[in-house]
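S.K.:
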Amino acid sequence: MYSRNRATVLLTLLGTMSASFMCAQKNDELKINQIQVIGTHNSYHAGFAPSAQKLWEERNPKGFSGLDYRHLPLDQQFDAGVRQIELDVFADIEGGLYAHPAGEALIAAAHLPPDPDFDPDGVMTKPGFKVIHMQDVDYRSTCQPFVSCLEVVRRWSHAHPKHIPIFILVETKEGKSDNPAQPTVPESFTASVFDALDAEIRSVFPPAELITPDDVRGQYETLNAAVLAGNWPKLNKGRGKVIFLLDQRKAGPIYLAGHPSLRGRVLFTNAEPGQPDAAFIERNDGPAGEITELVRKGYLVRTRTDADTREARTNSTTRRDDMIASGAQLLSTDYPSNEPARWPGHFVVKLPNDAIAQCSAANTSKACNISEK
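Numbers given in this note's numbering equal positions in the sequence shown, counted from 1, plus 5.
1) Using CA coordinates, which residue listed in Lys378, Ser376, Cys364 is at the minimum distance from Asn38?
2) Can you confirm whether the segment 313 to 333 touches the segment 150 to 159 when touching is taken to mean that 3 or more C-beta pairs between the two stretches lie within less than 8 Å?
3) Between Lys181 and Asn374, what straight-line distance do the alpha-carbon atoms span, to the nearest angstrom?
4) Whose CA, out of Phe134, Leu102, Leu174, lies closest to the CA of Gln187?
5) Does DSSP put Leu18 in a helix, a strand or coil?
6) Using only the alpha-carbon positions, how far apart do Pro345 and Asn65 sit?
7) Counting only the same chain and skipping the five closest in sequence on each side, list residues whose C-beta sits under 8 Å from that of His76.
8) DSSP three-state label for Val353, please.
9) Which whole-angstrom value describes the C-beta separation of Asp120 and Pro55, a residue pair presumed to lie in contact below a C-beta threshold of 8 Å?
10) Going by alpha carbons, who is nearest to Asn184 out of Leu305, Val142, Phe352, Phe285?
11) Do the segment 198 to 216 and the segment 99 to 117 make contact, defined as three or more Cβ pairs closer than 8 Å?
12) Checking contacts by CB at 9 Å: is Thr369 closer than that to chain B?
13) Between which two residues does the beta strand (DSSP E) carrying Asp93 extend?
14) In whole angstroms, what is the alpha-carbon distance linking Pro132 and Ala104?
15) If I follow the unbroken alpha helix (DSSP H) through Glu287, where does it start and stop?
16) Which of the three DSSP states, helix, strand or coil, is assigned to Thr177?
17) So, is Asn32 buried or exposed, given that buried needs 16 or more other C-beta atoms within 10 angstroms?
18) What does the Cβ neighbour count give for Asp84, buried or exposed, with the cut at 16 atoms within 10 Å?
19) Around the Cβ of Gln30, are there at least 16 other Cβ atoms within 10 angstroms (buried) or fewer (exposed)?
20) Count the other CB atoms within 10 Å of the CB of Pro125; is the residue buried (16 or more) or exposed (fewer)?
21) Just verifying my parser: in three-state terms, what is the DSSP assignment at Lys36?
22) Give me the Cβ distance between Thr217 and Ile259, rounded to the nearest whole Å; I'm assuming they're in contact under 8 Å.
23) Have a look at Leu72 and Leu92 and give me their C-alpha separation to the nearest angstrom.
24) Applying the criterion that 16 or more other CB atoms from any shown protein chain within 10 Å of the CB defines a buried residue, is Ser337 buried or exposed?
25) Entirely within the segment 264 to 332 and at least 4 residues each: give me those alpha helix (DSSP H) ranges in chain order.
26) According to DSSP, is Cys154 part of a helix, a strand, or is it coil?
27) State the DSSP-derived secondary structure class of Ile259, mapped to helix, strand or coil.
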């Protein structure tokens, strides 16, 4: 009796394992634009030190309320299931441009105690792209400079070689601010500066660890034609790799110069649907119906489930739920599963069953959770 029961249990277990293996195999046949993941907004954002918080909260309480969030280091976000991050990048070709934020002088002028040194290792004095939210005002990051942030991603990726693709949204910051508290004028992103940005990315990630526009375009004349034909790589080809996306639509024409349809480039531009370079599209505010149509056509779409702490303060879940239901592949939040909001209700954004990824409802015919084992 014992042996027969034990055999039955073993057969059941083997059957379950076999079914799970077959499900994993089937899910790996999905294209990488058929999955849905949680991302974080301003993923590097370390928040404000005490005196800076007091200063800006008094000077501009409404503006400060929208900045009143912070994130854990990137690798801890990945451990919790985040698979899309956002890095705001400032050009600093010679180094030192952002080494002495005006906010530090304003803190001293207000007779507030100095905050801990935001750059104890002198990284900001050296050449290279920097990761900052707002020059002079909101400048503390969990990783610095840009290359170091990418190295955090790569180390985590190597430690988890079966992870689904990590999407890295890069927002290029430039232009003079109208805010007198921000006198530093960022460098412009010219074609040569974008060449340097691509070079920094390639200095960390070799070709075998990247999915680039050339990989998606294949033999098609344009990237848009390839996307409409469903030429995204399969998930099993994308595991262990990263994909870079360019946030600012206005930067697209400069990044495209000399690279029609993004030939030879690293990042996917945030393009208008139907343009030759169109593969990735932002619809941060929806509407959900438009997002669904774009996803069905083959585009990769990033949206935001919350913004400026508004939904978090009231635990309003309508926008979150609508964006998940839209099928947008990249769902950006300030409150992933391991960083719920501190206000009543503890607003949080996660997939059903705490899945790391699931099938997009807009372009797949089934519900599924996607494993990284």
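Idealized CB from N, CA, C, for every residue including glycine.
All values derive from a computational prediction rather than experimental measurement.
M.R.: To lay it out plainly:
1) The count along the sequence shown starts at 1 and reaches residue 38 at position 33. Residue Cys364 is the option with its Cα nearest to Asn38.
2) no
3) On the sequence shown, residue 181 is found 176 positions in, with the first residue counted as 1. On the sequence shown, residue 374 is found 369 positions in, with the first residue counted as 1. Roughly 45 Å between the two C-alpha positions.
4) Here residue 187 is taken as the residue at index 182 of the sequence shown, counted from 1. Of the listed residues, the one whose Cα sits closest to Gln187 is Leu102.
5) Residue 18 sits at position 13 when you count from the first residue of the sequence shown. In this predicted model, Leu18 has a pLDDT of only 38, less than 50, meaning its place in the structure is not dependable; the value taken from the coordinates is given anyway. Note: Leu18 maps to helix in three-state DSSP.
6) By one-based count along the sequence shown, residue 345 stands at place 340. By one-based count along the sequence shown, residue 65 stands at place 60. The alpha-carbon atoms of Pro345 and Asn65 are separated by roughly 25 Å.
7) Stepping through the sequence shown from its first residue, residue 76 is reached at position 71. Thr45, Asn47, Ser48, Tyr49, His50, Ala51, Gln82, Thr147, Asp339, Glu344, listed in sequence order.
8) Here residue 353 is taken as the residue at index 348 of the sequence shown, counted from 1. Correct three-state label for Val353: coil.
9) Residue 120 sits at position 115 when you count from the first residue of the sequence shown. Residue 55 sits at position 50 when you count from the first residue of the sequence shown. Confirmed, about 6 Å.
10) Here residue 184 refers to the residue found at position 179 when the sequence shown is read from its first residue. Ranking the options by Cα distance to Asn184, first place goes to Val142.
11) no
12) The structure shown contains no chain B; it holds only a single protein chain.
13) Taking the sequence shown and counting its residues from 1, the one referred to as residue 93 is at position 88. Unbroken beta strand (DSSP E) run through Asp93: 89 to 95.
14) Translated into the one-based positions of the sequence shown, residue 132 becomes position 127. Translated into the one-based positions of the sequence shown, residue 104 becomes position 99. Cα to Cα, the separation comes out at about 11 Å.
15) By one-based count along the sequence shown, residue 287 stands at place 282. Premise fails: Glu287 lies in the beta strand (DSSP E), 285 to 287, not in any alpha helix (DSSP H).
16) Position 172 of the sequence shown, counted from the first residue, corresponds to residue 177. If DSSP states are grouped into helix, strand and coil, Thr177 belongs with the strands.
17) The residue given as residue 32 occupies position 27 in the sequence shown. So Asn32 ends up on the buried side.
18) For the purposes of this step, residue 84 is taken as residue 79 along the sequence shown, with counting starting at 1. With fewer than 16 Cβ atoms within 10 Å of its Cβ, Asp84 is classed as exposed.
19) Position 25 of the sequence shown holds residue 30. Low confidence applies to Gln30: its pLDDT is 49, below 50, so where it sits in the model is not reliable, and the reading given next is rough at best. Gln30 comes out exposed.
20) Position 120 of the sequence shown, counting from 1, holds the residue named residue 125. Exposed is the call here.
21) Translated into the one-based positions of the sequence shown, residue 36 becomes position 31. Reduced to three states, the DSSP call for Lys36 is strand.
22) Along the sequence shown, one-based indexing puts residue 217 at 212. Along the sequence shown, one-based indexing puts residue 259 at 254. Rounded, the Cβ-Cβ distance is 18 Å, inconsistent with contact.
23) In the sequence shown, counting from the first residue as 1, residue 72 sits at position 67. In the sequence shown, counting from the first residue as 1, residue 92 sits at position 87. So the alpha carbons of these two residues sit roughly 15 Å apart.
24) Working through the sequence shown from its first residue, we reach residue 337 at position 332. Result: buried.
25) 293 to 302, 315 to 319, 323 to 331
26) Position 149 of the sequence shown, counted from the start, is the residue given in the question as residue 154. Helix.
27) Working through the sequence shown from its first residue, we reach residue 259 at position 254. The answer is helix: DSSP assigns Ile259 an H, G or I state.
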